[in-house]
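Everything below concerns the one structure shown next.
Residue numbers (the numbering used here): 931 to 1087.
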C-alpha cells in the first residue's frame, strides 16, 4: 500500500483487533499445525508439513500487509470533511443514467469496503470516478462490467 489510507475510527479499531488476533491466535494455530505435521515422520515426503508451512507463510504475509495498512492509516472524522465535493467517508447519492436508478454509496478505505453494506472503496473504479465530483456533475466510469454514467444527486456525511 502506498500513501495515506484514510479510515474511520471504527475501521481502524477493527483492523487493529484483527491484526492482534492473527498475531496471537493465528500464529499459535500455525505453529501447532506445523508441530503436528512434523510428528508424522519424514519431512521430505510430508504433504501436511508442506501445507502447514505454506499456510504459515500466507499468515505472515497477511500480518505484514495489515501492519503496512495500519502504518499508513490516518483516522478521520466526518466533521473534518467538506461536503461540497465527493471525498472519502461521503455518502453519495447517484443516478445511474443507463438504467435510471438511484443508489447511495458510502466511500470508504479499501479495508472497510463492503458492497453488501453499500460501502465502496475509494480505490475502486466507481470510487475513483466519483472522487472530487460535485452535486450535478456527471461521472463517466469504466468498470469491468462496462461503462456507466452517474449523476451526482447529493453528498452527505
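The C-beta atom is built at its ideal place from N, Cα and C for all residues, glycine as well.
Distance, residue j Cα to residue i Cα
i, j, result
"residue 931", "residue 1027", "Unreliable positioning characterises residue 931 in this predicted model, as indicated by a pLDDT of 40, which lies under 50. The coordinate reading is nonetheless provided below. Taking the straight line joining both Cα atoms gives about 33 Å."
"residue 1053", "residue 961", "35 Å"
"residue 1007", "residue 970", "53 Å"
"residue 975", "residue 1003", "43 Å"
"residue 973", "residue 947", "35 Å"
"residue 1065", "residue 993", "40 Å"
"residue 963", "residue 982", "6 Å"
"residue 1046", "residue 987", "30 Å"
Proximity to residue i [Cα-Cα], best of the options
i, options, result
"residue 1070", "1063, 1079 and 1062", "1079"
"residue 935", "1039, 963 and 1046", "1039"
"residue 1077", "974, 1065 and 1056", "1056"
"residue 1062", "1045, 1013, 1029 and 1047", "1013"
"residue 940", "1050, 1042, 1084 and 1060", "1042"
"residue 965", "978, 1009 and 1005", "978"
"residue 1082", "1072, 1044 and 1022", "1022"
Proximity below 8 Å, CB of residue i to CB of residue j
i, j, result
"residue 952", "residue 989", "yes"
"residue 1087", "residue 1011", "yes"
"residue 1092", "residue 1035", "Here the chain has residues from 931 to 1087 only, and residue 1092 is not among them."
"residue 1001", "residue 945", "no"
"residue 1016", "residue 1060", "yes"
8 Å Cβ cutoff, residue i in contact with chain C
i, result
"residue 1054", "Included in the structure is just one protein chain, with no chain C present."
Which ranges does the beta strand (DSSP E) cover as unbroken runs of at least 3 residues, wholly within the segment 948–1016, from first to last along the chain?
With a minimum length of 3 residues, the continuous beta strand (DSSP E) runs that stay inside the segment 948–1016 are 1003–1005.
Which whole runs of the beta strand (DSSP E) in the segment 1032–1072 are 3 residues long or more, in chain order?
For the segment 1032–1072, whole beta strand (DSSP E) runs of length 3 or above, ordered along the chain, are 1049–1051.
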